[in-house]
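Using our numbering, the first residue of the sequence shown is number 720, and each one after it goes up by one.
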Amino acid sequence: MIKNSFNMRSKLYSAYPLQAVLAVYWLCDMQLARLDLTVDLLVQFLDRL
């Protein structure tokens, strides 16, 4: 599944660079909650330094 998705993304990159970028943004959107949490932890960690 992951390999298949990777192959599709590679084809998108070679044929449609803009669509590939948009697809990556969409994937990031799907994981936005997790990304937000990661950023929060990173900010807290950097604040302590």
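Where is the CB? At the ideal position from N, CA and C, for every residue including glycine.
Please read all numbers here as calculations on a predicted model, not as lab measurements.
Segment limits, alpha helix (DSSP H) that includes Q738
Its alpha helix (DSSP H) spans residues 736–749.
If you draw a straight line from the alpha carbon of A742 to that of D755, how long is it in whole angstroms?
19 Å
With DSSP run on the structure shown, which of helix, strand or coil describes L754?
In the structure shown, L754 sits in a helix (DSSP, three-state: H, G or I).
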